[in-house]
Ligand SMILES: [Fe+2]
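Residue numbers (our numbering): -15 to 179.
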């Protein structure tokens, strides 16, 4: 990794340079538990990607589903709770295009959107997800929700969010990490620019 991307103007974060680095990070750090849930980070990622593939979505969105919480694995401390989606998008920006990084970046705010437009949604969230919603800013007001969904890739982020919410089942069978890495290989972007 190289120190190139930033969360804010004064915060440097590492950026993955290749899909191989990303796969290694998933393998190395994926054994940690996923927040307050009953699954590991890697199991959660594989469940989310399996749900996306079963839904027949694009390879880019399957890849985003697999990698949407990479910022959790790379982050440190409480700050990652609110910033992990932004961090994840930055981590992926040299390997993937916006069809992958934007659903990742927007998937936390998609929860705030869904709470605003679906009165039954909040009640379906896990306790850990309800708690993190508070840290993440709570449900959007109507005008915020309208602005959110008008952004490019916000609809994909909403789909990703719903798989994310469902991908917390202990012991659920999924396809393998190798299977999803091959899908990701098909959508990665070649960067020739160096910084
Ligand atoms: Fe997640």
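Here a beta-carbon is modelled for each residue, glycine too, at the ideal position from N, C-alpha and C.
Is any non-hydrogen atom of ligand 1 found closer than 6 Å to the C-beta of residue 149, if you look at the structure I gave you?
Taking the chain shown and counting its residues from 1, one reaches residue 149 at position 165. No; taking the cut-off as 6 Å, the Cβ of residue 149 has no heavy atom of ligand 1 nearer than that.
What do you get for residue 16, buried or exposed, if any count of 16 or more other CB atoms within 10 angstroms of its CB means buried?
If you number the chain shown from 1, residue 16 lands on position 32. Residue 16 comes out exposed.
Any non-hydrogen atom of ligand 1 within 6 Å of residue 102 CB:
Here residue 102 is taken as the residue at index 118 of the chain shown, counted from 1. For ligand 1, not one heavy atom lies less than 6 Å from the Cβ of residue 102.
Alpha carbon of residue 82 to alpha carbon of residue 92, nearest angstrom:
Counted from its first residue, the chain shown places residue 82 at position 98. Counted from its first residue, the chain shown places residue 92 at position 108. For residue 82 and residue 92, the distance between alpha carbons rounds to 16 Å.
Are residue 48 and residue 144 touching if we call contact CB-CB under 7 Å?
Here residue 48 corresponds to residue number 64 of the chain shown, with the count starting at 1. Here residue 144 corresponds to residue number 160 of the chain shown, with the count starting at 1. Their beta carbons are under 7 Å apart, which means residue 48 touches residue 144 by this criterion.
For residue 95, the first and last residue of its enclosing alpha helix (DSSP H)
Here residue 95 is taken as the residue at index 111 of the chain shown, counted from 1. Here the alpha helix (DSSP H) through residue 95 covers 82 to 101.
Spatial neighbours of residue 94 within its chain, please: C-beta separation below 8 Å, excluding the five flanking residues on both sides.
In the chain shown, residue 94 corresponds to position 110, counting from 1. Same-chain partners within the cutoff: 132, 138, 141, 142, 144 and 145.
Heavy atom of ligand 3 less than 6 Å from the Cβ of residue 53, yes or no?
Ligands in the displayed structure: ligand 1; ligand 3 is not one of them.
Of the residues 19, 6, 150 and 167, which one's Cα is nearest the Cα of residue 75?
Counting from 1 along the chain shown, the entry for residue 75 is found at position 91. Closest by alpha carbon: 6.
Sequence-distant residues of the same chain with beta carbon closer than 6 Å to residue 61, five excluded per side
Translated into the one-based positions of the chain shown, residue 61 becomes position 77. Low confidence applies here, because residue 61 scores a pLDDT of 48, under 50, leaving its location unreliable; read the following figure in that light. Closer than 6 Å at the Cβ level, and outside the excluded window around residue 61, lies no residue.
Nearest to residue 20 by alpha carbon, out of 115, 50, 104 and 58?
On the chain shown, residue 20 is found 36 positions in, with the first residue counted as 1. The shortest Cα separation from residue 20 among 115, 50, 104 and 58 belongs to 115.
Run through the segment 109 to 176 for me and flag every whole beta strand (DSSP E) of 3 or more residues, listed as ranges in chain order.
none
Quick one: Cα of residue 150 to Cα of residue 109, how far?
Mapped onto the chain shown, residue 150 falls at position 166. Mapped onto the chain shown, residue 109 falls at position 125. About 9 Å.
Give the single residue among 58, 118 and 30 whose Cα lies nearest to the Cα of residue 167.
The residue you call residue 167 lines up with position 183 of the chain shown. Here the closest residue by C-alpha is 30.
Since residue 32 is in the alpha helix (DSSP H), which residue starts that stretch and which ends it?
Position 48 of the chain shown, counted from the first residue, corresponds to residue 32. Residues 25 to 38.
Cβ neighbours of residue 159 in the same chain (closer than 6 Å, five flanking residues each side left out):
Locating residue 159 in the chain shown gives position 175, where the first residue counts as 1. Here the set comprises 34.
Considering only their Cβ atoms, is the gap separating residue 44 from residue 171 smaller than 7 Å?
As a working note, residue 171 is residue 187 in the chain shown. As a working note, residue 44 is residue 60 in the chain shown. Yes. Within cutoff.
Using a beta-carbon distance below 7 Å, is residue 135 in contact with chain B?
Protein chain content of the structure displayed is limited to a single chain, and chain B is not contained in it.
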